[in-house]
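Going left to right, the sequence shown walks through residues 4 to 161 as this note's numbering numbers them.
We put the CB at the ideal spot given by N, CA and C, even for glycine.
For reference, the structure is listed below as structure tokens.
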Amino acid sequence: MVRPLGLPAGRQSPLVEIILGLLLLGALTLLVLPAYAYLALAFVALVALRHGVRLALVAAVCAWGLSLAQALARPRGAGAAMLRSGETYLTLCLLLAGGVAFGAIGLAHRRALHALRDRVNELELELADQGVRLLVAIEEKQELEQRLAQDRSSGPRP
């Protein structure tokens, strides 16, 4: 069964995964604030490898938005200083570049996997075809053996 988004019924939406990942990222950021860019990049890379470039870019923008929201939640001086900092926008570029790079890797992996699945399907069909030909050949052999046995039994008698 397929849901409206084209996902199998047993899988949750990638957007739900992104939201849960952002919540986890926000919680980890409270514990390890200086490593936010690395945690966010790891999150974007994970989304990219699982779902591709488009959702990785969504995750990158959302992660950067989370960073801005955390900056605005700080006292006025620290939040404004973070908005004026070049590192804030460098983090966005890093996240977007990581999303594209890891998304391309994930896409290449997915394409290779689909190509292998197609090849396996072709080989299965070829094997089934050969099996049918083998069964036909066995039936023909049995018919010939029966005719030979009949010819020997009804052959000339002295």
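### Query
Would you call residue 134 buried or exposed, if buried means 16 or more other Cβ atoms sit within 10 Å of its Cβ?
exposed
### Query
Any idea if residue 101 is buried or exposed, counting beta-carbon neighbours within 10 angstroms, 16 or more meaning buried?
buried
#### Entry: Residues near residue 106 by beta carbon distance below 6 Å, same chain, minus five either side
51, 55, 56, 59
### Same chain only: Cβ atoms within 6 Å of residue 5, ignoring 5 sequence neighbours per side
Caution is warranted here: a pLDDT of 43 is assigned to residue 5, below 50, making its placement in the model unreliable, and the coordinate value is therefore given only provisionally. Nothing listed; no residue qualifies.
### Query
What do you reckon, are the CB atoms on residue 46 and residue 62 nearer than 9 Å?
yes
### Query
Which word fits residue 24, buried or exposed, when buried means at least 16 other C-beta atoms lie within 10 angstroms of its C-beta?
buried
### Task
Can you give me the Cβ contacts of residue 152 inside the same chain, cut-off strictly under 8 Å, excluding the 5 residues immediately before and after it?
none
### Query
Are there 16 or more other CB atoms within 10 angstroms of the CB of residue 68, so buried, or fewer, so exposed?
exposed
### Message
Only counting the same chain, and skipping five residues up and downstream in sequence, which positions put a Cβ closer than 8 Å to that of residue 21?
### Response
50, 58, 61, 62, 65
### Task
Take residue 112 and list the residues in its own chain whose beta-carbon comes closer than 8 Å to its own, dropping the five residues that flank it on each side.
52
### Query
Since residue 27 contacts residue 43 with CB under 8 Å, what's their CB separation in whole angstroms?
Incorrect: roughly 11 Å between the Cβ atoms, too far for contact.
#### Entry: Assigned secondary structure, residue 157 (DSSP; H/G/I helix, E/B strand, else coil)
coil
### Query
Quick one: what does DSSP say residue 106 is sitting in, helix, strand or coil?
helix
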